[in-house]
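Under the working numbering, the first residue of the sequence shown carries the number 8, and numbering increases by one thereafter.
Think of the CB as a built atom: it goes at the ideal place given N, C-alpha and C, for glycine as much as any other residue.
Just so we're clear, the structure is a prediction, and the values are computed from it rather than from any experiment.
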Amino acid sequence: MELVELKSIKDALVGLPGINGLSIEQRKRLTIAAELVANPSIIFMDEPTSGLDARAAAIVMRTVRNTVDTGRTVVCTIHQPSIDIFEAFDEVNWSYEIIIRVHM
């Protein structure tokens, strides 16, 4: 809970978004925590900051950084990051095309 900075709300109900319970940003951090339970060495995240304002996105990305600092590898897709979030990445790979695989 400390790694994802949710210790202060450890007894809270998840609830319904926007009505009660955890905020969207807290839910995203809870999802990361749930994935960490299996102790994976690599974690893939698709748009972890999607739908968040700048403050909430920074908090979620701090959780991602905390995860990396434990020795895990995190691979994530992200569109239009703020300069602060962009500079927080250790490595950036650019993709300019869509790759489509067909399995038959």
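Nearest to ASN46 by alpha carbon, out of ASP91, THR80, ILE92, PHE93? When only C-alpha atoms are compared, the closest one is THR80.
Return the CA-CA distance between LEU37 and ILE31, expressed in angstroms with no decimal places. Whole-angstrom Cα-Cα distance: 10 Å.
THR84, buried or exposed, once every other Cβ within 10 Å from all chains shown has been counted against 16: Result: exposed.
Cβ contact (3+ pairs, closer than 8 Å) linking the region 15 to 27 and the region 46 to 66: Contact between the region 15 to 27 and the region 46 to 66 is absent, with fewer than three C-beta pairs closer than 8 Å.
Between the alpha carbons of LEU13 and ALA95, how many angstroms are there, rounded? For LEU13 and ALA95, the distance between alpha carbons rounds to 21 Å.
Count the other C-beta atoms from every protein chain shown that fall within 10 angstroms of the C-beta of THR77, then say buried if there are 16 or more, exposed otherwise. Flag for THR77 reads exposed.
Give the secondary structure of PHE93 by DSSP, where H, G and I count as helix, E and B as strand, and everything else as coil. Taken through DSSP and simplified to helix, strand or coil, PHE93 comes out as helix.
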